[in-house]
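In the order they appear, the protein sequences are chains A and B. In this text, residue positions in the first sequence follow this note's numbering: the first is 1, and each later residue adds one. In this text, residue positions in the second sequence follow this note's numbering: the first is 388, and each later residue adds one.
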Amino acid sequence: MSSPDSRGRFGNFGGRFVPEALMPACLELESAFVEAWNDPTFVDEYQRVLREFAGRPTPVTHLERLSERLGINLYAKREDLAHTGSHKINNVIGQTLLTQRMGKHRVIAETGAGQHGVATATAAARLGLECTVYMGEVDTVRQSLNVFRMELLGATVVPVTAGSRTLKDAVNEAMREWVACVDDTHYCLGSVMGPHPFPWMVREFQSIIGREALGQMRDLGVDPPDLVVACVGGGSNAAGIFAGFANSSARLVGIEAAGGAAVAGGSPGVLHGMQSLLIQDEFGQIEEAHSISAGLDYPGIGPEHAHLAEIGRAEYHPIGDEDVLDALALLSEMEGIIPALESAHAVAWIAREAGHGIPKGSSVLLNLSGRGDKDVAQVRAMLRGES
Amino acid sequence: MKSLESQLRGLRDAGRKALVPYFMGGLTPDWTRHVEAAVHAGADAVEIGVPFSDPMMDGVVIQGAALRALAAGTTLDSICADLERLSTSVPLVAMTYYNVFLHYGLERSAGKLQASGISGAIVPDLTIEEADGWRAACRDHDVATVFLVAPSTPPDRIRLIGAATEGFAYASARMAVTGGSSGEGAGERVVRQVRDVSTVPTYIGIGIGTPDQARAAALVSDGVIVGSALVQVILDGGGASEVEGFVRSFREAIDGPRA
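Right, dumping it as structure tokens:
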């Protein structure tokens, strides 16, 4: 995938729509990132930490029983095996190293499911950075164990009571807080969204997923797979794995939660510092996303995904909550892997489309972005009909 | 020059410090009466908030007001319709987020504002780099685009913003969202930096919550903007007379003891 233009645009999407108070920080971050990303010392350190601390490279697993059931050749890139249980660690290792390099001693972050919050708290603890995480009050209840994890890691978790009290409002609150503390604090944004350079920088930090997977699939003799499939909220795990295959013939498929499907049901707009596709009403008021998974409960999508959709390089499909629990059970029972509810969206689409939208015999690479440990209490309650 | 700027320059030339209160459009059914009360009490221009679901630059007070106005069905159209019953001669300036105008249509928004007697717009998430489309839409309409300058804005950007802003420059006194009144404030320095590069009137806002703060800010600038503290009065149930009393207390503080 290509770099954005000088204004941070991917085609018609991206840019920088922030309060003037944050512009110097965005510009500083852009130049710091460009400098660091071209500095072999920084890149070596980033890769060393991912290797020695975060457990990279993560393996690719051939899902043999499920492949046989579905009549396709299904492989999973195992981001669920990365430290803290999801791909989120890749980004935060990069951003916390950058925070240190910029001479800042504190990070703030937003979180939905808690994965990014836990990852940020983890990476901050490793470097001795102060860490405050903004989390919608609704999500602090849905993911109370992750709140405790963050606190164990020394972070402060601030429940956000504004608006819909979910991820979208956590981003608003983190942005507001950043205005007040931008001198000594880096906003460690968790997805390929927000003002330039975040969508680009986060994609670059996540592109290690795609680079590893490309080589691993080659080693398996699948070069390239016919499809690469990933779930999309803001879209960081998808951007990371797509980055490895954008120049190949692979079909790139992003799966959104039906209740937050910015490509299928959204329109162009500006939110959280970026121009992208958003779920909004006829007056441009942002609507609340509704999903079984807190991590996909986001009414927008990263601007590069909006661009990839517009130019037809990637396709995006919605999956409803009802299919997600079945998919989670399917992967658990047949492959011994309990996926995160977010990742289960991608599994659900593959299971539904195998033999239909996915021709029989296709090779499919699934980005298994996170593990389901965080979700088991919620899943148990839902399976018992308690919520 | 847009008429907002000639009016506000005229005010400055006459030696009057501008007092600019903020109201959230549609916050109460009789919100335009609050505007009239403020003008009666000595407001020189009025900011009218058009509510947005995700007000990134606003603190809890204006967030709450925006949600309440939205719940009451407020839209850009409804605010403009309400303005038909407002009789005032002071300039009106809309304040909202870019998505509201973008979704309504930039050209259509500018036309709508002008037709409703609104002569300026403050769009706090629209940076000078992204503003070309909006400014082009305003070219044929008498709508001035007001930009903010923050304490963090470096000199080279202040130069660009000073050249781009129309009507006045909005000098943020603090690194904070609206309603943030803690800390010393850097309003005086920001105003001085704008004046170094531009002759546009420069008003201080963000964290002007008391008459004393307004007085101090007016001494070093061309005017003051008061938002959250006033909106809080209305959220607490205050009506036109409370608004009038509030604005009058700021007016008197700014003008100082009569000679």
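Just so you know, even glycine gets a beta-carbon here, dropped at the ideal spot from N, CA and C.
Rounded straight-line distance, which links the Cα of residue 627(B) to that of residue 472(A): The requested residue 472(A) does not occur in the structure, where chain A is confined to residues 1 to 387.
Which parts of the stretch 118-164 of chain A are runs of the alpha helix (DSSP H), unbroken and 4 residues or longer, counting only runs that do not cross its ends? 137-142, 144-152
Residue 220(A) to residue 373(A), Cα distance in whole Å? Mapped onto the first sequence, residue 220(A) falls at position 220. Mapped onto the first sequence, residue 373(A) falls at position 373. Cα to Cα, the separation comes out at about 29 Å.
Name the residue from 222(A), 255(A), 209(A), 341(A) whose alpha carbon lies nearest to the alpha carbon of residue 47(A). In the first sequence, residue 47(A) corresponds to position 47, counting from 1. When each option's Cα is compared against that of residue 47(A), the closest is 209(A).
Verify whether the separation of the beta carbon atoms of residue 531(B) and residue 554(B) is less than 8 Å. In the second sequence, residue 531(B) corresponds to position 144, counting from 1. In the second sequence, residue 554(B) corresponds to position 167, counting from 1. Against a cut-off of 8 Å, the Cβ pair of residue 554(B) and residue 531(B) comes out as a contact.
So, is residue 218(A) buried or exposed, given that buried needs 16 or more other C-beta atoms within 10 angstroms? Here residue 218(A) refers to the residue found at position 218 of the first sequence. Residue 218(A) is classed as exposed because its beta carbon has fewer than 16 other beta carbons within 10 Å across all chains shown.
Chain A contact for residue 528(B) (CB, 8 Å cutoff): Counted from its first residue, the second sequence places residue 528(B) at position 141. Not one chain A Cβ lies under 8 Å of residue 528(B).
Taking 8 Å as the limit between beta carbons, can you name the residues of its chain near residue 181(A), skipping five residues before and five after? Position 181 of the first sequence, counting from 1, holds the residue named residue 181(A). Closer than 8 Å at Cβ, skipping near neighbours: 106, 108.
Chain A contact residues for residue 550(B), given Cβ-Cβ distances below 7 Å: Here residue 550(B) refers to the residue found at position 163 when the second sequence is read from its first residue. Here the premise fails: no neighbours, minimum Cβ distance about 14 Å.
Using DSSP with H/G/I as helix, E/B as strand and the rest coil, what is residue 10(A)? Taking the first residue of the first sequence as 1, we reach residue 10(A) at position 10. Correct three-state label for residue 10(A): strand.
Go ahead and label residue 360(A) buried or exposed: buried means 16 or more other beta carbons lie within 10 angstroms of its beta carbon, across all protein chains shown. The sequence position of residue 360(A) within the first sequence is 360, counting from 1. Looking at its Cβ environment, which holds fewer than 16 other Cβ atoms inside 10 Å, residue 360(A) is exposed.
Within a Cβ cutoff of 7 Å, which residues of the same chain sit near residue 22(A), ignoring the five residues on either side of it in sequence? In the first sequence, residue 22(A) corresponds to position 22, counting from 1. So the qualifying residues of the chain are 178, 179, 182.
Residues in the stretch 561-584 of chain B having any Cβ partner in chain A nearer than 7 Å: 562, 563, 564, 567
Could you check if residue 212(A) is buried or exposed, using at least 16 other CB atoms within 10 Å of its CB as the buried criterion? Numbered from 1 along the first sequence, position 212 holds the residue referred to as residue 212(A). The residue is buried, with at least 16 neighbouring Cβ atoms inside 10 Å.
Residues in the stretch 504-520 of chain B having any Cβ partner in chain A nearer than 7 Å: Interface annotation for the stretch 504-520 of chain B against chain A: 511, 512, 513, 514, 516, 517, criterion Cβ-Cβ distance under 7 Å.
By Cβ distance below 7 Å, which residues in the same chain neighbour residue 512(B) in space, the five residues on each side in sequence not counted? Here residue 512(B) refers to the residue found at position 125 of the second sequence. Closer than 7 Å at Cβ, skipping near neighbours: 443, 444, 484, 485.
Min CB distance residue 390(B) to chain A below 8 Å: As a first step, residue 390(B) is located in the second sequence; it is residue number 3 there, counting from the start. Taking Cβ atoms only, chain A never reaches closer than 8 Å to residue 390(B), which makes this a no.
Where the beta strand (DSSP E) through residue 491(B) begins and ends: Numbered from its first residue, the second sequence carries residue 491(B) at position 104. Residue 491(B) -> not in any beta strand (DSSP E); alpha helix (DSSP H) instead, spanning 485-491.
How is the beta strand (DSSP E) around residue 410(B) delimited, first residue to last? As a working mapping, residue 410(B) is identified with position 23 in the second sequence. 405-411 is the extent of the beta strand (DSSP E) around residue 410(B).
Among all the DSSP beta bridges, which residues are the ones paired with residue 363(B)? Here chain B covers residues 388 to 646 and nothing more, so residue 363(B) does not appear.
Considering only C-alpha positions, which residue in the set 15(A), 119(A), 292(A) is nearest to residue 155(A)? In the first sequence, counting from the first residue as 1, residue 155(A) sits at position 155. Ranking the options by Cα distance to residue 155(A), first place goes to 119(A).
Assuming residue 268(A) is part of the beta strand (DSSP E), what are its boundary residues? As a working mapping, residue 268(A) is identified with position 268 in the first sequence. That run of the beta strand (DSSP E) goes 267-271.
Measuring only the C-alpha atoms, how far is residue 245(A) from residue 224(A)? Here residue 245(A) is taken as the residue at index 245 of the first sequence, counted from 1. Here residue 224(A) is taken as the residue at index 224 of the first sequence, counted from 1. Their backbone Cα atoms lie some 8 Å apart in a straight line.
Which of the three DSSP states is assigned to residue 372(A) in this structure? Looking up residue 372(A) in the first sequence gives position 372. If DSSP states are grouped into helix, strand and coil, residue 372(A) belongs with the helices.
Beta bridge counterpart(s) of residue 508(B) as assigned by DSSP: For the purposes of this step, residue 508(B) is taken as residue 121 along the second sequence, with counting starting at 1. Per the DSSP secondary-structure output, residue 508(B) pairs in a beta bridge with 481(B), 532(B).
Out of curiosity, what's the CA-to-CA distance linking residue 578(B) and residue 509(B)? For this step, residue 578(B) is matched to residue 191 along the second sequence. For this step, residue 509(B) is matched to residue 122 along the second sequence. C-alpha separation (whole angstroms): 18 Å.
Label residue 411(B) either buried or exposed according to how many other C-beta atoms from any shown protein chain fall within 10 Å of its C-beta, with 16 as the threshold for buried. By one-based count along the second sequence, residue 411(B) stands at place 24. Classification for residue 411(B): buried.
Between which two residues does the alpha helix (DSSP H) harbouring residue 438(B) extend? Residue 438(B) sits at position 51 when you count from the first residue of the second sequence. Looking at the DSSP string, residue 438(B) is not in any alpha helix (DSSP H), and its letter there is neither H nor E.
Residue range of the alpha helix (DSSP H) that residue 415(B) falls in? Residue mapping note: residue 415(B) aligns to position 28 of the second sequence, counting from 1. Residue 415(B) -> no alpha helix (DSSP H), and no H or E assigned at all.
Closer than 8 Å to chain B by CB, residue 103(A): Stepping through the first sequence from its first residue, residue 103(A) is reached at position 103. By this cut-off, residue 103(A) is not an interface position.
Short CB-CB distance (under 8 Å) between residue 29(A) and chain B: Here residue 29(A) corresponds to residue number 29 of the first sequence, with the count starting at 1. No, residue 29(A) does not count as interfacial toward chain B.
Name the DSSP bridge partner or partners of residue 286(A)? As a working note, residue 286(A) is residue 286 in the first sequence. Beta-bridge pairing links residue 286(A) to 280(A).
Partner residues on chain B for residue 265(A), Cβ-Cβ distance less than 8 Å: By 1-based counting over the first sequence, the position of residue 265(A) is 265. Correct list: empty, because the minimum Cβ distance to chain B is about 15 Å.
Counting along the chain, where does the alpha helix (DSSP H) carrying residue 475(B) start and finish? To locate residue 475(B), count along the second sequence from 1; it is residue 88. Unbroken run through residue 475(B): none, as it is neither H nor E.
With DSSP run on the structure shown, which of helix, strand or coil describes residue 77(A)? Within the first sequence, numbered from 1, the residue matching residue 77(A) stands at position 77. Reduced to three states, the DSSP call for residue 77(A) is strand.
Whole-angstrom C-beta distance between residue 60(A) and residue 78(A), which should lie under 8 Å: What you label residue 78(A) is simply residue 78 of the first sequence in a count that begins at 1. What you label residue 60(A) is simply residue 60 of the first sequence in a count that begins at 1. That pair is a contact at about 7 Å.
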